[in-house]
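Presented below is the structure to which this report refers.
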DNA sequence: GCAAAACTGGATGTCAAAGTCCAGTTTTGA
DNA sequence: TCAAAACTGGACTTTGACATCCAGTTTTGC
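Protein chains in written order, with this note's numbering: chain H, 75 to 223; chain F, 75 to 223.
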């Protein structure tokens with residue numbers, strides 16, 4: 075249902091949000107999120123083009139979020155790499171339908187709308203803050219030195 | 075978001091529901107739904123394996139729905155050709171997570187759940203009955219002879 | 001200046017989904 | 001019986017997503 079690219083982009087952004095506002099290298103993100111490094115760099119390029127992250131070359135460089143985790147929604151991340159396509163015109167291309175969808179495609183679009191809404195309503199900060207019995211982020215969660223036992 | 079195969083399967087089933095309980099040939103369905111005939115036959119084979127339709131060879135044969143339109147949901151059609159995959163385990167394969175999903179994948183799965191719910195709640199009969207200003211089915215809607223002007 | 005750290009962008013490889021083709025089987029009706 | 005109507009199943013082609021590789025560019029610190 076969701077492409078690998080979207081899954082990878084979200085993992086990377088969650089990791090970056092956890093480390094924000096520090097810059098992280100592609101290597102660090104790749105290791106923590108288990109995304110193949112060469113492909114991750116492509117995904118990050120997409121996120122950069124979409125205005126979600128900034129990159130900085132050279133020693134000490136890396137990737138950082140443009141917005142704070144509290145301002146960034148899942149939807150923005152998804153739309154940066156692979157825009158969520160709502161159904162706006164009849165896929166059969168029937169001129170007679172114009173802008174109005176037939177009942178089938180209307181229902182399908184409602185399902186897409188519910189996904190869009192769920193993604194729109196969730197910020198990265200909320201994901202990091204969510205209480206859970208397991209480790210909050212899928213591995214690689216940053217724990218400040220002073221907080222470690 | 076939804077594959078071509080799912081889109082094609084739904085178009086075919088909506089058409090069959092409209093003609094139910096009559097049998098339709100692959101040719102008729104292909105023409106009305108604008109799905110390439112060779113590929114449509116593959117999709118229909120999937121629907122047959124999934125128990126959504128029955129096929130009958132030979133002169134006068136064709137494809138029919140196994141259930142009535144009122145009993146058949148969109149979800150059943152989708153699951154027959156391409157099961158909707160909920161996220162049940164951590165995609166990173168972390169043993170430490172067990173059955174509990176991290177917040178990111180929990181949110182993604184909630185989005186999938188909302189799609190599943192929307193599809194579960196809609197029957198083919200509801201799609202055919204839905205009032206709309208445009209033609210109810212995307213072209214090829216059956217109008218009984220006695221009702222034509 | 002130079003070497004190491006990092007990202008960039010183009011070329012390439014791999015694989016599954018989408019789509020096509022066709023010879024074969026079943027069924028009906030004349 | 002036989003031809004036409006229909007579906008079946010396997011082989012093949014095409015396309016795009018996923019993934020890799022590498023030479024090139026930018027930046028920093030010594």
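Beta carbons are placed, not taken as given, at the ideal position from N, Cα and C, and that holds for glycine.
CB contact below 9 Å: residue i versus chain H
i	result
residue 145(F)	no
residue 201(F)	yes
residue 150(F)	no
residue 79(F)	no
residue 223(F)	Low per-residue confidence applies at residue 223(F): pLDDT is 34, beneath 50, and the placement is therefore not dependable enough to give any value.
residue 131(F)	no
residue 181(F)	yes
Amino acids of chain H, ordered along the chain, whose beta-carbon sits closer than 8 Å to that of residue i
i	result
residue 185(F)	188, 189, 192 and 193
Cross-chain neighbours of residue i in chain H, by beta carbon under 9 Å
i	result
residue 103(F)	Within chain H, no residue comes near residue 103(F); the closest Cβ sits about 13 Å away, beyond 9 Å.
Assumed close pair residue i, residue j - CB separation to whole angstroms, cut-off 8 Å
i	j	result
residue 99(F)	residue 136(F)	5 Å
residue 121(H)	residue 94(H)	14 Å between Cβ atoms; not a contact.
residue 177(F)	residue 204(H)	4 Å
residue 147(H)	residue 196(H)	6 Å
residue 241(H)	residue 140(H)	Outside the displayed span of chain H (75 to 223) sits residue 241(H), for which this structure offers no information.
residue 157(F)	residue 198(F)	Not confirmed; about 19 Å, so no contact.
residue 181(H)	residue 201(F)	7 Å
residue 101(H)	residue 111(H)	7 Å
Within chain F, the residues that residue i reaches when beta carbons sit closer than 8 Å
i	result
residue 89(H)	Result: empty, since nearest Cβ-Cβ is about 10 Å, beyond 8 Å.
Below-9 Å beta-carbon distance, residue i vs any chain F residue
i	result
residue 166(H)	yes
residue 94(H)	no
residue 107(H)	yes
residue 196(H)	yes
residue 85(H)	yes
residue 159(H)	yes
residue 216(H)	Caution applies to residue 216(H), whose pLDDT of 47 falls short of 50 and renders its modelled position unreliable; the value that the coordinates give is listed next. Chain F, which has no Cβ nearer than 9 Å to the Cβ of residue 216(H), makes this no.
residue 213(H)	Any answer about residue 213(H) is weak, because its pLDDT of 49 lies below 50 and its placement is not dependable; what the coordinates show is given next. Taking Cβ atoms only, chain F reaches closer than 9 Å to residue 213(H), which makes this a yes.
residue 220(H)	With a pLDDT of 45 at residue 220(H), under the threshold of 50, the modelled position of this residue cannot be trusted; read the value that follows with caution. Cβ-Cβ to chain F under 9 Å: no for residue 220(H).
Any non-hydrogen atom of the ligand GDP within 8 Å of residue i CB
i	result
residue 89(F)	Absence of the ligand GDP from the depicted structure is noted, as is the absence of any ligand whatsoever, leaving it without description.
Using 8 Å as the cut-off, can you tell me whether the stretch 81 to 92 of chain F makes contact with the stretch 86 to 93 of chain H, which would need three or more C-beta pairs spanning the two stretches below that distance? The stretch 81 to 92 of chain F is not in contact with the stretch 86 to 93 of chain H.
Taking one C-beta from the stretch 190 to 200 of chain H and one from the stretch 144 to 156 of chain H each time, how about it: are there three or more such pairs within less than 8 Å? Counting C-beta pairs with one atom in each stretch, the stretch 190 to 200 of chain H and the stretch 144 to 156 of chain H have three or more that are closer than 8 Å, which means they touch.
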